[in-house]
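Protein sequences appear in the order of chains A and B.
The first sequence begins at 799 in my numbering and counts up by one.
The second sequence begins at 1060 in my numbering and counts up by one.
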Amino acid sequence: MRTMTYRDALREGIREEMLRDERVFIMGEDIAGYGGTYAVTKGLFEEFGEKRVRDTPLAEEVITGTAIGAALGGLRPILELMTINFSLLASDLIINSAAKFRYMFGGQPQVPLVIRMPGGGGAQRGAQHSQMLESLYAHIPGLKVVAPATPYDVKGMIKAAVRDPNPVIFIEHELLYNIKGEVPDEGVEYTVPLERGDIKREGSDITIITFSRMLHVVLQAAEELAKSGIEAEVIDLRSIRPIDIDLITDSVKKTNRVVIAEEGWKYYGTGQGLAALIYEHAFDYMDAPIQHVNSADVPMPYSKVLERAALPAKDDVINAVKAIVPEALVRR
Amino acid sequence: MAISNATSLGGLTRSQLLEMHYQMLLLRRFEEKSAEEYTRGKIGGFMHLYIGQEAVGVGSMQALRPEDKIVCSYREHGHALAKGMEPGAVMAELFGKITGCSKGKGGSMHMWSNELGILGGNGIVAAQLPIAAGVALAAQYTGEDYIVACFFGDGAVDEGAFHEALNLASIWKLPVVYICENNQYSMGMSVQKAWAVDNLLPRAAAYNMPGEVVDGMDVVSVYEAVKPAVERARIGNGPTLLEIKTYRFRGHSMTDPSYYRTREEEHEWRSTRDPIGIFEKKLTDAGLATQAEFDENDAKATQVAEEAAEFAENSPNPGLEELYTDVMVDNSGALSYRYERK
């Protein structure tokens, strides 16, 4: 095992897939000469050249359509969209074409395409550059939507995504690129399945379900809860669509209590969808109503003070847990 | 009348020309049959007929090789037929039957065949232009010997995707031919009102590619314009933008009352600019074919359209198990379950 950043692990996964399969190439805005807006693709242009590391014009609609067409033509494109916010310009091609083609053409075409995009807030980028939006894509049948949170997962999942025959929306987070974690040594081949959640911390008193950057907030909260005698089980969804429902229900059967912690907005998103699923699949095991930690229901403000107030933090998770864990469990 | 075997029209042989004539009639009779079945309630949803535009599809397809690929709009029954799709498979798709080219899951707007290089009709105006660029990129990337012909209407020209796609195809010199079928109206909006230009030549120039305005009611002119564009793409000289001027004789879709144009205008086009009539006159004037041969083609086309409808009628509906197949490649759904893990 080595310790490396999320950014480096992601790049290594992309590079390994490009070395493995000639059909894999990467395209996007400022990924070659500039090295990637978040430096994920740095060095790939020098290694693979302009055929396989392609700078594109600032034209999200056509670059997304072109990636879809290239996938239909038998290639394995990785498309980098500069941020998830810009993906709205490409959303027609993603939702109306990539997600639909296999079904509406009777199972004939495949769209083996990975669309990478960082989402999320916390860097004072304001209302138009701080959105999560994963639930928008997770709503759509025909897509896979993943949001890995650790260096180990991001490398394993980008490799699995490239090999997957379906369109995969691969959501990174602007504040995850620099986090560090353990990754198997160079040359040790592994992938992480796209449709499985992961228990990042075992516990018996409460299940906290989360994904992307919020995993790290939740893990800090869990450590602090442990000091008060509450052992939280932390589930990292990793995949938003499909959702690993049995992993969740098994945990709920054990703990009987759930907190969902996400960076997105409260209404009609991943958290609420998940809550409904848990009530459908595990209602009889629930001892308390699900608590939901999320961002303030506002466009993201720029001011540092306001942004901090808008984003869910460790204390919000702790308070949500304490609201439904019986007093008797808590050491005072 | 003496029949000449000379290749006097567009460098095409007499048998090629007669086959094109048959194809145009097949498209016409097939669409007439489709309209009839729609009225009978056998076909649902949207249906956009190609009647009046047959010269564009048939002339263009004559310039392609079988391995070339086409990407189309939602008005694509004609393109699918001209590229070689079985009429029964097209009609069965309109009927929503399992024997349809997309298993009845697509409908009128969504024809596909991997084998024939028919890569879809698209229900989103102009979405096919970026996608066609991508399929062309795959050919360029792998060195596979095919080009892509992308068909769209004048309405698609107003979408941002048109401009983004032409620019990208041009800077990457992609092997694609962009064929605008200017049938004068995007639904009800006339092209004179919608375009800031009189024709697409300035648009082609803006994206630094060759452009040409073509008479779309003359199948030979269409063929003669598409052929060099296809060759340019094939030898790596990049894309071309063709504006092929045509007219749809029917409404935009089956429910279009055509308030936006006059009956006189429609009559004028139908009576003096019918592409089949124009082609027949050309052929007879050149001494290349006789009325008897036209009649024979017509009878055959009528019968094939009839048989397509019978095939569709007699085909089974998709089984309900088809509802959940083909969403994902492995047919998985939104939930992943423990039993799969074991």
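For glycine and all other residues, C-beta sits at the position ideal for the given N, C-alpha and C.
Quantities reported herein were computed from a predicted structural model and do not represent experimental measurements.
C-beta contact flag for residue i and residue j at 8 Å
| i | j | result |
| --- | --- | --- |
| A/Ser-1049 | A/Thr-1005 | yes |
| A/Val-909 | A/Ala-896 | yes |
| B/Ala-1195 | B/Ala-1141 | no |
| B/Val-1117 | B/Met-1144 | no |
| B/Val-1250 | B/Leu-1260 | no |
| B/Cys-1239 | B/Val-1130 | no |
| B/Ala-1192 | A/Val-822 | no |
| B/Lys-1341 | B/Leu-1077 | no |
| B/Phe-1338 | B/Val-1278 | yes |
| B/Ala-1220 | B/Ala-1264 | no |
| A/Val-838 | A/Arg-800 | no |
| A/Ala-869 | A/Leu-911 | yes |
| B/Arg-1073 | B/His-1107 | no |
| A/Thr-862 | A/Ile-824 | no |
| A/Val-1091 | A/Val-1057 | yes |
| B/Asp-1213 | B/Glu-1126 | no |
| B/Ile-1303 | B/Val-1184 | no |
| A/Asp-1095 | A/Tyr-1065 | yes |
| A/Glu-1105 | A/Gly-917 | no |
| A/Tyr-950 | A/Glu-972 | no |
Three-state class that DSSP yields for residue i in the structure shown
| i | result |
| --- | --- |
| B/Gly-1147 | helix |
| A/Pro-1099 | coil |
| B/Val-1386 | coil |
| A/Lys-1052 | helix |
| A/Glu-1000 | coil |
| A/Ser-885 | helix |
| A/Gln-929 | coil |
| A/Arg-961 | helix |
| A/Thr-1008 | strand |
| B/Asp-1274 | strand |
| B/Ala-1136 | It is worth fixing the name first, because residue 1136 of chain B is His in this sequence and not Ala. Looking at B/His-1136 - three-state DSSP - the assignment turns out to be helix. |
| B/Pro-1377 | coil |
| B/Glu-1372 | helix |
| B/Met-1060 | Note on B/Met-1060: pLDDT 43, under 50, position unreliable in the model; no value is reported. |
| B/Ala-1198 | helix |
| A/Arg-1130 | Here A/Arg-1130 scores only 49 on pLDDT, less than 50, and its place in the model is too uncertain to base an answer on. |
| B/Lys-1101 | coil |
| B/Gln-1413 | The displayed coordinates of chain B run from 1060 to 1401. Any statement about residue 1413 of chain B would go beyond what the structure contains. |
| B/Ile-1129 | strand |
| A/Met-816 | helix |
| B/Lys-1401 | Legend: pLDDT at B/Lys-1401 = 47, less than 50; position of this residue unreliable, no value from coordinates given. |
| A/Tyr-950 | helix |
| A/Tyr-988 | coil |
For residue i, the residue or residues it bridges with in DSSP
| i | result |
| --- | --- |
| B/Trp-1171 | B/Leu-1178 |
| B/Ser-1249 | B/Tyr-1244 |
| B/Ser-1067 | B/Ser-1067 is not bridged to any residue. |
| B/Phe-1211 | B/Cys-1239 |
| A/Gly-979 | A/Met-802 |
| B/Ser-1395 | A/Asp-1042 |
| B/Glu-1218 | None, per the DSSP bridge assignment. |
| A/Ile-876 | A/Ile-824, A/Val-912 |
| A/His-1090 | A/Ile-1058 |
| A/Val-944 | A/Phe-968, A/Ser-1037 |
| A/Ala-1030 | A/Ile-1004 |
Residue i beta carbon near the ligand MG (any heavy atom closer than 7 Å)
| i | result |
| --- | --- |
| A/Val-1050 | Summarising the ligand content, the structure contains no ligands, and the ligand MG is consequently not present. |
Supposed contact pair residue j and residue i - C-beta distance, whole angstroms, cut 8 Å
| i | j | result |
| --- | --- | --- |
| A/Gly-1071 | A/Ser-933 | 7 Å |
| B/Ala-1197 | A/Gly-940 | Their Cβ separation, rounded to whole angstroms, is 21 Å, which puts B/Ala-1197 and A/Gly-940 out of contact at 8 Å. |
| A/Met-1098 | A/Ala-1059 | 18 Å between Cβ atoms; not a contact. |
| A/Gln-1089 | A/Ala-1111 | Going by Cβ atoms, the distance from A/Gln-1089 to A/Ala-1111 rounds to 15 Å, so no, they are not a contact pair. |
| B/Ala-1371 | B/Met-1150 | 4 Å |
| B/Gly-1147 | A/Gly-904 | Contact flag wrong, Cβ pair sits at about 15 Å. |
| A/Met-915 | A/Glu-827 | The pair is not a contact, with the Cβ atoms about 11 Å apart (cut-off 8 Å). |
| B/Cys-1024 | B/Met-1168 | There is no way to answer for residue 1024 of chain B, as the model of chain B reaches only from 1060 to 1401. |
| B/Lys-1162 | B/Glu-1381 | 6 Å |
| A/Met-955 | A/Leu-931 | Not quite, the Cβ-Cβ distance comes to about 19 Å (not below 8 Å), so this is no contact. |
| A/Thr-881 | A/His-927 | 6 Å |
| A/Tyr-975 | A/Pro-982 | Their Cβ separation, rounded to whole angstroms, is 20 Å, which puts A/Tyr-975 and A/Pro-982 out of contact at 8 Å. |
| B/Arg-1189 | A/Thr-864 | As written in the sequence, residue 1189 of chain B is Pro, which differs from the Arg given in the question. The Cβ separation is near 5 Å, so the contact holds. |
Where residue i meets chain C, residues with beta-carbon distance less than 7 Å
| i | result |
| --- | --- |
| B/Ile-1102 | Here the protein chains are A and B, and chain C is not one of them. |
Report the start-end ranges of each alpha helix (DSSP H) in the region 819-866 of chain A that is 4 residues or longer and not cut off at the edges. Runs found: 842-846.
Would you list, in sequence order, the uninterrupted alpha helix (DSSP H) runs of no fewer than 4 residues that lie entirely inside the region 1032-1076 of chain A? 1043-1053, all fully within the region 1032-1076 of chain A.
Any chance you could list the beta strand (DSSP E) runs of at least 3 consecutive residues sitting entirely within the region 894-940 of chain A, in chain order? Counting whole runs of 3 or more residues, the region 894-940 of chain A contains the beta strand (DSSP E) stretches 912-917.
Whole runs of the alpha helix (DSSP H) within the region 1291-1333 of chain B, excluding any shorter than 4 residues: Listed in chain order, they are 1322-1331.
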